[in-house]
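Each residue of the sequence shown is one higher than the one before, counting from 0 in numbering that gives the first Met the number 0.
All residues carry an ideal CB built from backbone N, CA and C; glycine is no exception.
Note that the structure is a prediction, hence the values are computed from the model and not measured.
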Amino acid sequence: MKQSVRVTILGQDFSIRSTRSVEEVQKVAAYVDARIAEVLAAGATADTLGATVLALMNVAGLYFETQRELEQAQSTISQSLQTLDEKLSSALSE
């Protein structure tokens, strides 16, 4: 069931409707607020819309990097399991 959660990002209040827990929505909002604040503090732009877009680009880059790392880890695990399965099969057939 969706619930409304009030969060503040860049000093502006938002009412977010979500099925996620209040704590999770607040955690996400705090993360977003911090990433935008980082961009503003770095002086990349003084415009909040521009800072939001740059922050979103940074977050998206991290997301894709994490996805790539996850895929590599899954592939490594799959290969290790296949090797283990072959060794077990070989040992059991002896």
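Could you pull out every residue in the same chain whose Cβ sits closer than 6 Å to the Cβ of residue i, ignoring the five residues on either side in sequence?
i: residue 32; result: 8
i: residue 59; result: none
i: residue 38; result: 50, 53 and 54
i: residue 21; result: 4
Beta carbon of residue i, beta carbon of residue j: below 7 Å?
i: residue 54; j: residue 34; result: yes
Whole-angstrom Cβ separation of residue i and residue j, contact assumed at under 8 Å?
i: residue 17; j: residue 5; result: Wrong, their Cβ atoms sit about 12 Å apart, outside the cutoff.
Please state the DSSP three-state secondary structure of residue i.
i: residue 46; result: coil
i: residue 18; result: coil
Counting only the same chain and skipping the five closest in sequence on each side, list residues whose C-beta sits under 8 Å from that of residue i.
i: residue 25; result: 4 and 6
Leaving out five residues before and five after residue i in sequence, what residues of the same chain have Cβ atoms less than 7 Å from its Cβ?
i: residue 1; result: 16, 17 and 18
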